[in-house]
């Protein structure tokens, strides 16, 4: 279990690119991005387009990191993950 600290900018993204226009992502300038993906999903998810859009951002995925807990006081955000 590990705890990470980020500024309060961290949206939860769907795992497919059409819902995430590149301009929208760039405008948000997220400090951390969460993607919820089933570890049993056998398809190519998240899509290669989504992963390309998110290059350069801290990316946490439920299929790799297990559970992800976000806590905020309105100014700071703490992120705890099951696996690094």
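In our numbering, the protein residues as written are 539 to 622. Even for Gly, the Cβ is constructed at its ideal location relative to N, Cα and C. Small disclaimer: the values here were computed from a predicted structure and weren't measured.
Between the alpha carbons of residue 600 and residue 576 lies a gap of roughly 7 Å.
Around the beta carbon of residue 609, fewer than 16 other beta carbons lie within 10 angstroms, which makes this residue exposed.
Annotated three-state conformation of residue 583 is coil, per DSSP. By the neighbour-count definition (other C-beta atoms within 10 Å, threshold 16), residue 586 is an exposed residue. Residue 590 and residue 569 have their C-alpha atoms spaced approximately 16 Å apart. Residue 596 is bridged by DSSP to 570.
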